[in-house]
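Q:
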Amino acid sequence: MMKNKLFCSLMGFLFVFTLLSCDKKTPVDEDELLTKVTYTESFDIFINPERGFYHNQSFRSGTTNVLTTSTVESQRALGRSLFLTLYYLTDYRDKPIPADYLERIETNMKALREGGSKCVLRFAYVSSESDKPWDASQEIVLQHIQQVAPILQEYSDVIYVMEAGFVGVWGEWYYTSNFGMTLSTPQDYAPRRAVLDALLTALPQDRMICVRTPQFKLKCFDITFADTISVLTAYNGSNLSRIAAHNDCFLASSNDYGTFSSNSQREFWHADSKYVVMGGETCGVSAYSTCENALTQMENFHWSYLNSGYHGTVLGNWRSEGCFDEIARRLGYRFVLTEGKFTPTPEAGKEFVAKINVKNVGFAAPANPRELELIFVSKSDANEKYVVKPDSDPRYWFAGGEYTISIKHTLSTQMAGKEFDLYLHLPDPEPTLYGRPEFSIRLANDNVWDATTGYNKIHSITVP
1 MMKNKLFCSL
11 MGFLFVFTLL
21 SCDKKTPVDE
31 DELLTKVTYT
41 ESFDIFINPE
51 RGFYHNQSFR
61 SGTTNVLTTS
71 TVESQRALGR
81 SLFLTLYYLT
91 DYRDKPIPAD
101 YLERIETNMK
111 ALREGGSKCV
121 LRFAYVSSES
131 DKPWDASQEI
141 VLQHIQQVAP
151 ILQEYSDVIY
161 VMEAGFVGVW
171 GEWYYTSNFG
181 MTLSTPQDYA
191 PRRAVLDALL
201 TALPQDRMIC
211 VRTPQFKLKC
221 FDITFADTIS
231 VLTAYNGSNL
241 SRIAAHNDCF
251 LASSNDYGTF
261 SSNSQREFWH
271 ADSKYVVMGG
281 ETCGVSAYST
291 CENALTQMEN
301 FHWSYLNSGY
311 HGTVLGNWRS
321 EGCFDEIARR
331 LGYRFVLTEG
341 KFTPTPEAGK
351 EFVAKINVKN
361 VGFAAPANPR
371 ELELIFVSKS
381 DANEKYVVKP
391 DSDPRYWFAG
401 GEYTISIKHT
411 LSTQMAGKEF
421 DLYLHLPDPE
431 PTLYGRPEFS
441 IRLANDNVWD
451 ATTGYNKIHS
461 ITVP
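The UniProt record's numbering numbers the first residue of the sequence shown as 1 and each following residue consecutively.
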């Protein structure tokens, strides 16, 4: 009898529980209610700003050659958006830079701006070890930096990055007549630190300066291997966040011909280069310059720019071994849309939701400021646009990661009864370059890029 009562009580409880459970609403994931759009990755090689193979161009005192808009455009036609502009001040090792040479620098900057490209900028005094003195005195160097500073400020929009230069043959900080060949104490590094301080002041705070080896950053600023840039200190305008790297004997030997003196220095650059520019050139064939190692090291050190003309045999081997195209695609950033989710039935005056996933399959992230916009463009009137600025910074879209751009925006009541195309726009924030497609980032997807506007089409909507 007792068993029957217990059984009946249990069954009654289960019946009531079932009724209550059925009455509860199962929570619905907001994303499941959104319209999903998938995108096809493109493996094409195409030009993008502030990354890739560069064209090397020298401008020597005593000569008159300058860049022209057509020269810049011809390099763009070859897929190059960067020039290494190397200014040899050979005749001015003991005197100020004359006005006509300063005008040449300005002419070149104007050509870059008009032609749609930027420069890796360097100054040096000689290009041969037999041409002594190898550089100018510290006093003259600082005077020269002060002379070019107004140009650097006015044309910083087309300066991708500056290599420290000025010291030593080729401006590579090794063979030097005035800055010490044997360096050990902070006092030994003080003259080079003075050059860096002058350059940091001459350039706007959002531009970086590359030094030739990790040792120079460590010793000039008296820091340790642990003092690498982190996600918390990146892009904050501090001196350390602005000192970047260039390696002009990449893959040439076990230590890249003296670029590294220890594995700890390699590890320092590996960590630091996630947040600062890294580039340079190869300088000779070695057991280390194979495709397999080149790809590994470019990933490890977050390479963004590389000489298109040197070393010819190394570059030729990459072509024959089959990795040249991958390097061309992956130098710097390469952003790929993977999926988008959007409000399925948009309404004027109501909230519109967009969640857009993008991955970075390049070697690096952008190092300079970059805008991000979601733009609604009317299909019936291209002049009718609505711009939303998501809270996301492309400099933090690091290599190998996937990131979500989340947007919640109330649609204008003026959008009612119209159809719109949606675009992602990653323009250069500089007023002189904003809106120019040559300086906007193209995403690596099929059928998204609009070369006329520099926009990337990601979706279309109808607003009833």
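The beta carbon of each residue, even a glycine, is placed where N, CA and C say it ideally should be. The structure presented is a predicted model; accordingly, all values stated were derived computationally and were not measured.
Which value, in whole angstroms, describes the spacing of the CA atoms of ARG51 and SER61?
A: Start at 1 with the first residue of the sequence shown, and residue 51 comes out as number 51. Start at 1 with the first residue of the sequence shown, and residue 61 comes out as number 61. Their Cα atoms are separated by approximately 29 Å.
Q: Check GLN187 in the structure and name its three-state DSSP category.
A: What you label residue 187 is simply residue 187 of the sequence shown in a count that begins at 1. Note: GLN187 maps to helix in three-state DSSP.
Q: Under 7 Å, do ASP421 and LYS457 count as touching if we go by C-beta distance?
A: Against the sequence shown, residue 421 aligns to sequence position 421. Against the sequence shown, residue 457 aligns to sequence position 457. Yes, they are a contact pair.
Q: Could you name the residues of the same chain whose beta carbon sits closer than 8 Å to that of ILE45, not counting the 5 residues immediately before and after it, in chain order?
A: The sequence position of residue 45 within the sequence shown is 45, counting from 1. GLY79, ASP325, ALA328 and ARG329, listed in sequence order.
Q: How long is the line joining the alpha carbons of LEU178 and ASN108, rounded to whole angstroms?
A: Here residue 178 refers to the residue found at position 178 of the sequence shown. Here residue 108 refers to the residue found at position 108 of the sequence shown. Leu is not the amino acid found at residue 178; the sequence shown has Asn there. CA-to-CA, the gap between ASN178 and ASN108 works out to about 29 Å.
Q: Return the chain-ordered ranges of every beta strand (DSSP E) run that is complete within the segment 228 to 305 and spans a minimum of 3 residues.
A: 243 to 250 and 278 to 282
Q: With a 10 Å radius around its C-beta and 16 neighbouring C-beta atoms as the bar for buried, classify LEU426 as buried or exposed.
A: For the purposes of this step, residue 426 is taken as residue 426 along the sequence shown, with counting starting at 1. Result: buried.
Q: Going by C-alpha distance, which of GLN147, TRP134, TYR160 and MET208 is nearest MET181?
A: Along the sequence shown, read from residue 1 onward, the residue named residue 181 stands at position 181. It is TRP134 whose Cα lies nearest to the Cα of MET181.
Q: Might you give, ordered along the chain, the residues of its own chain that have their beta carbon closer than 6 Å to the beta carbon of TYR275, omitting 5 neighbours on each side?
A: On the sequence shown, position 275 is the one that residue 275 refers to. Closer than 6 Å at the Cβ level, and outside the excluded window around TYR275, lie ILE229 and ALA234.
Q: Sorted by chain position, which residues of the same chain lie with C-beta nearer than 7 Å to ASP446's C-beta, five sequence neighbours on each side aside?
A: The count along the sequence shown starts at 1 and reaches residue 446 at position 446. If we look at ASP446 and ignore the five residues flanking it on each side, its Cβ neighbours are THR40 and SER42.
Q: Quick one: grab the DSSP three-state call for VAL158.
A: For this step, residue 158 is matched to residue 158 along the sequence shown. The answer is helix: DSSP assigns VAL158 an H, G or I state.
Q: Give every residue of the same chain whose Cβ lies closer than 6 Å to the Cβ of LYS36, excluding the five residues on either side of it in the sequence, and list them in chain order.
A: The residue labelled residue 36 in the question sits at position 36 within the sequence shown. These residues qualify, in order along the chain: LYS341.
Q: In the structure shown, what three-state DSSP assignment does LEU374 receive?
A: On the sequence shown, position 374 is the one that residue 374 refers to. In the three-state DSSP reduction, LEU374 falls in the strand class (E or B).
Q: Can you check which of these residues, ASP381, THR404, ALA399 and LYS379, is closest to ASP391 by C-alpha distance?
A: For this step, residue 391 is matched to residue 391 along the sequence shown. For ASP391, the nearest C-alpha among the options comes from THR404.
Q: Return the chain-ordered list of same chain residues with a C-beta closer than 6 Å to the C-beta of LEU152, the five sequence neighbours on each side being excluded.
A: Position 152 of the sequence shown holds residue 152. If we look at LEU152 and ignore the five residues flanking it on each side, its Cβ neighbours are ALA202 and LEU203.
Q: Using a Cβ-Cβ cutoff of less than 7 Å, which residues in the same chain neighbour THR343 once the five nearest sequence positions on both sides are dropped?
A: Stepping through the sequence shown from its first residue, residue 343 is reached at position 343. Only LEU34, PHE352 and VAL353 meet the Cβ criterion.
Q: Taking the beta carbon of ASP157 as the centre, do at least 16 other beta carbons fall within 10 Å, making it buried, or is it exposed?
A: One-based indexing of the sequence shown puts residue 157 at position 157. Answer is buried; the Cβ neighbour count reaches 16.
Q: Taking the alpha-carbon of LYS359 as reference, which of ALA149, LEU337 and PRO369 has the nearest alpha-carbon?
A: Here residue 359 refers to the residue found at position 359 of the sequence shown. The residue with the shortest Cα to Cα distance from LYS359 is LEU337.
Q: Relative to the C-alpha of ASN307, which candidate in ALA245, LEU142, ASN48 and ASN56 has its C-alpha closest?
A: The sequence position of residue 307 within the sequence shown is 307, counting from 1. That would be ASN56, whose Cα lies nearest to the Cα of ASN307.
Q: Which value, in whole angstroms, describes the spacing of the CA atoms of PRO366 and TYR54?
A: Here residue 366 is taken as the residue at index 366 of the sequence shown, counted from 1. Here residue 54 is taken as the residue at index 54 of the sequence shown, counted from 1. Distance between the alpha carbons of PRO366 and TYR54: 16 Å.
Q: In chain order, what residues of the same chain have a beta carbon less than 6 Å from the beta carbon of SER460, not counting five sequence neighbours either side?
A: Translated into the one-based positions of the sequence shown, residue 460 becomes position 460. So the qualifying residues of the chain are ASP421.
Q: Whole angstroms is fine: what's the gap from SER130's alpha carbon to VAL167's?
A: The count along the sequence shown starts at 1 and reaches residue 130 at position 130. The count along the sequence shown starts at 1 and reaches residue 167 at position 167. Approximately 16 Å, taken between the alpha carbons.
Q: Is DSSP giving PHE216 helix, strand or coil here?
A: Counting from one through the sequence shown, the residue named residue 216 turns up at place 216. Three-state result, PHE216: helix.
Q: Go ahead and pull the three-state DSSP assignment for SER460.
A: Counted from its first residue, the sequence shown places residue 460 at position 460. Three-state DSSP puts SER460 in a strand.
Q: Under 7 Å Cβ to Cβ from ASN65, same chain only, skipping five residues before and after it: list those, please.
A: By 1-based counting over the sequence shown, the position of residue 65 is 65. Excluding sequence neighbours, ASN65 sits near PHE59.
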